[in-house]
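Chemist: Under our numbering, residues 137 to 587 are what the sequence shown spells out, in order.
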Amino acid sequence: MILSEIPNILSKNLKYLSKPLSNQLINKINTDTRFIDKNDIFIALKGEKFDGHSFIENAIAKGAIGVIVDHEVSVISSKRITQIIVKDTLIAYQEIANWWRNKLTIPIIGITGSVGKTTTKELIAAVLGVYGKVHKTQANYNNEIGVPKTLLSLTTNHDYAVIEMAMRARGEIALLSQIARPTIGIITNVGTAHIGRLGSREAIAEAKCELLAEMPKDSIAILNHDDQRLMETAARIWQGKTITYGLEGGDITGELLDNQILRVEGIDFPLPLPGRHNALNYLAALAVTKQLNLDWNLLTQGVTVDLPKGRSQQYSLSNNIVLLDETYNAGLESMKAALQLLKDTPGKRHLAVLGTMKELGEASAQLHQEVGAMAEKLGIDGLYILVDDPEAQAITQGVKTIETECFPTHEHLIERLTQVIQPGDRILFKASNSVGLNRVVEAVRDLIDKK
Ligand code: ATP
Ligand code: MG
137 MILSEIPNIL SKNLKYLSKP LSNQLINKIN TDTRFIDKND IFIALKGEKF DGHSFIENAI
197 AKGAIGVIVD HEVSVISSKR ITQIIVKDTL IAYQEIANWW RNKLTIPIIG ITGSVGKTTT
257 KELIAAVLGV YGKVHKTQAN YNNEIGVPKT LLSLTTNHDY AVIEMAMRAR GEIALLSQIA
317 RPTIGIITNV GTAHIGRLGS REAIAEAKCE LLAEMPKDSI AILNHDDQRL METAARIWQG
377 KTITYGLEGG DITGELLDNQ ILRVEGIDFP LPLPGRHNAL NYLAALAVTK QLNLDWNLLT
437 QGVTVDLPKG RSQQYSLSNN IVLLDETYNA GLESMKAALQ LLKDTPGKRH LAVLGTMKEL
497 GEASAQLHQE VGAMAEKLGI DGLYILVDDP EAQAITQGVK TIETECFPTH EHLIERLTQV
557 IQPGDRILFK ASNSVGLNRV VEAVRDLIDK K
C-alpha cells in the first residue's frame with residue numbers, strides 16, 4: 137500500500153490533509169505506538185481510557201510516515217509528516233481493513249455465535265493448517281477494532297483466514313461482516329449471553345444472523361442444525377447456499393463415539409477436544425473443509441489444538457483425580473455443555489464447583505436455577521458453589537437431591553474441596569472469568585498433589 141492511496145480509500149470520512157502525500161510505500165497500519173516500526177502509518181484511536189492523539193509525537197519518533205487523526209495535532213515533530221484528518225479514526229481503520237480485504241481472493245471464514253466461537257476458530261485453523269497457511273484471530277481481537285487488526289495482518293502468503301466476530305449489541309456483527317466480507321459465515325449457536333441487553337433469545341438470534349445478512353450473496357452459510365432457533369431465524373434472513381452440521385441431523389451429521397471419535401459419512405475422525413459441544417464445533421470445521429473440497433483422509437490421523445487457558449482443559453492429578461478447568465467463562469449453554477462433559481467423563485464420582493454467570497441481567501436468577509436443574513437431571517454427585525455474589529445462590533434453587541454446599545470466599549471453598557475430594561473423582565470448575573475460579577483450580581492442584 138502506498139501513502140497517496142489512502143485518501144481514495146477513506147472516501148467521505150476524509151476531511152483534509154495537512155500537506156500533500158508522497159508515494160512512499162507503507163510498512164503497516166498501526167494503532168499502538170509500542171509496536172510502531174519505520175514507515176508505518178499510525179491511526180489515533182480513542183477509547184474510554186485512552187486517546188491515541190496523545191501518542192503522535194512518539195509514533196513519529198519511532199518512524200511513522202503518516203498519522204490519521206480526527207483533528208490536526210501540533211507537536212514539535214508533526215510538521216515533518218502528513219497528517220490525514222478524518223471525521224472518525226476508527227471508521228478510517230475499518231475502511232482501510234476492508235480495502236485490504238477486498239484485494240485478497242482467499243477464503244475468509246467468519247465465525248459468530250453465543251458460545252464456542254474461539255474453540256471453533258481454533259479447530260478450523262488447526263484443520264485448515266493441514267492444507268495450507270492459515271491466519272486466525274489472535275487473542276481476543278474479535279470486535280470493531282480487533283477484526284480490522286486481524287484483516288490488516290493478513291498477507292498475500294496466507295491461504296485461509298479464520299476470523300472470530302463477537303458482539304454485545306445489535307448492529308455490531310453487521311458491521312464486522314461488512315468489513316470482513318466472509319466467503320464462509322458460521323454461526324455456532326444462539327444462547328442467552330447478553331440477554332440482559334438484547335431482551336430476548338429471538339433478538340439474540342437476529343443479532344447473530346446479521347453475519348449472514350451482510351455477507352456477499354454468493355458466500356456460504358454454515359449453520360448448527362441442532363439449534364432450532366438459529367435455523368428458523370437464519371431461514372428468514374439468508375436465502376443463499378447453506379450447509380448444516382449436527383449430531384442430530386444436518387447435511388453433515390456426526391456420530392460421537394466414546395466422547396473421542398467423531399464418525400462422519402463412514403470416516404472416523406479423532407476428536408481433538410472432548411465433549412458433545414466440541415464434537416459440534418469440530419463438525420463446523422469439517423463442513424468448512426467439505427465446502428473447500430479438501431480431502432478428509434488427511435484428517436484421520438487427528439489434529440492438535442492448543443486452546444487458551446480455562447477452556448476444555450484437563451488436569452490429571454495423583455490418585456486418578458481429574459480436574460476439568462472451564463473457568464475461562466460461563467453462560468447457560470456452556471454451563472450445560474460442561475456439566476454434560478463432566479458426566480460423560482468416566483470416573484467414580486462427578487463433582488461440580490460452580491460460580492456466578494455474569495451479565496445476565498433480569499434473567500439471571502432463572503438461568504442460574506436452570507444450571508442447578510441440569511446438574512440434578514444429570515445426577516451429579518456433589519455441588520460446591522462459590523457465592524461471591526447473591527446470584528450464584530440461585531443455582532441451589534434448581535436442586536433437590538444433590539448434596540450442595542455454598543462458600544462465601546475462595547479460601548473456604550479451597551479448604552473444603554481438599555477435604556472432600558477422593559481418589560477417582562472427576563471435578564468440574566466453571567464460572568464467569570471475573571469470579572476467579574481459576575485460583576481455586578490452581579490451589580486444589582497444588583494441595584492435592586502435595587497430599
Ligand atoms: P467469548 O464470547 O468469550 O469470546 P466464545 O464464544 O469464544 O466466548 P469459547 O471461548 O470457544 O467461546 O468457549 C467458552 C466455553 O464455552 C468453553 O470453555 C466451553 O465450556 C463452552 N463451549 C464451547 N463450545 C461450545 C458449544 N458449541 N456449545 C456449548 N458450549 C460450548
Ligand atoms: Mg472468544
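Glycine included, every Cβ here is placed at the ideal spot set by N, Cα and C.
Under a criterion of Cβ closer than 7 Å to any non-hydrogen atom of the ligand MG, which residues qualify, in chain order?
Modeler: Lys253, Thr254, Asn276, Asn278, Glu300 and Ala302
Chemist: Checking the sheet assignment: what are the DSSP bridge partners for Ile315?
Modeler: According to DSSP, Ile315 bridges with nothing at all.
Chemist: If you drop the 5 nearest sequence neighbours on each side, which residues of the same chain put their C-beta closer than 6 Å to that of Asp173?
Modeler: Within the same chain, Asn163 come within 6 Å of Asp173 by CB-CB distance, once the 5 residues on both sides are set aside.
Chemist: Helix or strand or just coil, what does DSSP make of Asn360?
Modeler: In the structure shown, Asn360 falls within a strand segment according to DSSP collapsed to helix, strand and coil.
Chemist: Thinking C-beta only, is Leu312 closer than 9 Å to Asn360?
Modeler: No, the Cβ-Cβ distance between Asn360 and Leu312 is not below 9 Å.
Chemist: Taking the alpha carbon of Ala343 as the point to measure from, which residue in Gln314, Gly249, Ala275 and Asn456 has its own alpha carbon closest?
Modeler: Gly249
Chemist: For the structure I just gave you, are there three or more beta carbon pairs, one from the stretch 559–569 and one from the stretch 480–489, closer than 8 Å?
Modeler: yes
Chemist: Is it the case that the Cβ atoms of Ile102 and Gly321 are separated by a distance below 9 Å?
Modeler: The structure shown does not extend to residue 102, since the chain is modelled only from 137 to 587, so the question has no answer here.
Chemist: Would the stretch 501–513 count as touching the stretch 525–541 if we require 3 or more Cβ pairs under 8 Å?
Modeler: yes
Chemist: Could you give the C-beta distance for Ile220 and Glu208, rounded to a whole number, given that I count them as a contact under 8 Å?
Modeler: About 10 Å separates the two Cβ atoms, so there is no contact after all.
Chemist: Ignoring anything shorter than 3 residues, give me the beta strand (DSSP E) runs that lie fully in the stretch 232–307, in order along the chain.
Modeler: 244–248, 270–272 and 296–300
Chemist: According to DSSP, what are the bridge partners of Cys542?
Modeler: Ile521
Chemist: Any heavy atom of the ligand ATP closer than 8 Å to the CB of Gly491?
Modeler: Result no, Cβ not under 8 Å from the ligand ATP.
Chemist: Using a 10 Å radius around the Cβ and a threshold of 16 neighbouring Cβ atoms, would you call Tyr152 buried or exposed?
Modeler: exposed
Chemist: Would Gly327 be called buried (16 or more neighbouring beta carbons within 10 Å of its own) or exposed?
Modeler: buried
Chemist: Tell me, please, whether the stretch 254–269 touches the stretch 230–239 by the rule of three or more beta-carbon pairs shorter than 8 Å.
Modeler: no
Chemist: Could you name the residues of the same chain whose beta carbon sits closer than 7 Å to that of Lys155, not counting the 5 residues immediately before and after it, in chain order?
Modeler: Thr218
Chemist: What are the uninterrupted segments assigned as beta strand (DSSP E) that are 3 or more residues long and contained completely in the stretch 545–586, given in chain order?
Modeler: Qualifying beta strand (DSSP E) stretches, in chain order: 562–566.
Chemist: From Val577 to Ser470, what distance separates their C-alpha atoms?
Modeler: Rounded to whole angstroms, Val577 and Ser470 show a C-alpha spacing of 18 Å.
Chemist: In its own chain, which residues sit with a C-beta less than 6 Å from the C-beta of Ala501, not counting the 5 before and 5 after it?
Modeler: Ala530
Chemist: Using CA coordinates, which residue listed in Val580, Ala473, Leu459 and Asn325 is at the minimum distance from Asn395?
Modeler: Ala473
Chemist: Quick check: what's the CA-CA separation for Gln294 versus Val263?
Modeler: According to the sequence displayed, residue 294 carries His and not Gln. Spanning the two alpha carbons is a distance of roughly 15 Å.
Chemist: Between which residues of its own chain and Leu434 is the CB-CB distance below 8 Å, once the five residues before and five after are set aside?
Modeler: Val266 and Tyr267
Chemist: Nearest CA to the CA of Gly438: which residue from Asn429, Ala421 and Gln450?
Modeler: Ala421
Chemist: What distance in whole Å lies between the Cβ atoms of Ile397 and Ile379, which are believed to be in contact at a cut-off of 8 Å?
Modeler: That belief does not hold up - the Cβ atoms of Ile379 and Ile397 are roughly 22 Å apart, past 8 Å.
Chemist: Measuring from the CB of Lys472, is there a heavy atom of the ligand ATP at a distance below 8 Å?
Modeler: Yes.
Chemist: What distance in whole Å lies between the Cβ atoms of Ala297 and Ile373, which are believed to be in contact at a cut-off of 8 Å?
Modeler: Wrong, their Cβ atoms sit about 23 Å apart, outside the cutoff.
Chemist: In its own chain, which residues sit with a C-beta less than 6 Å from the C-beta of Asn455, not counting the 5 before and 5 after it?
Modeler: Pro559
Chemist: Can you tell me the Cα-Cα spacing of Ile179 and Ser140, whole angstroms?
Modeler: Distance between the alpha carbons of Ile179 and Ser140 is about 16 Å.
Chemist: Apart from the five residues just before and just after Cys542, which ones in its own chain have a Cβ nearer than 6 Å to its Cβ?
Modeler: Cβ neighbours of Cys542 beyond the five flanking positions: Ile521 and Val523.
Chemist: Measuring alpha carbon to alpha carbon, tell me which of Gly402, Ile204 and Leu161 ends up nearest Glu193.
Modeler: Nearest option by C-alpha distance: Ile204.
Chemist: In whole angstroms, what separates the C-alpha of His486 from that of Gly467?
Modeler: 20 Å
Chemist: For a test of the three-state rule: what should DSSP assign to Thr440, helix, strand or coil?
Modeler: In this structure, Thr440 counts as coil in the three-state DSSP scheme.
Chemist: Which residues in the same chain as Thr167 place their Cβ atom closer than 6 Å to its Cβ, once the five residues preceding and following it in sequence are excluded?
Modeler: Listed in chain order, the non-local C-beta contacts of Thr167 below 6 Å within the same chain comprise Ile179 and Leu181, local neighbours out to five positions each way being set aside.
Chemist: Are the CB atoms of Gln160 and Ile138 within a distance shorter than 9 Å?
Modeler: yes
Chemist: Quick one, are the C-beta atoms of Tyr229 and Ile309 less than 9 Å apart?
Modeler: no
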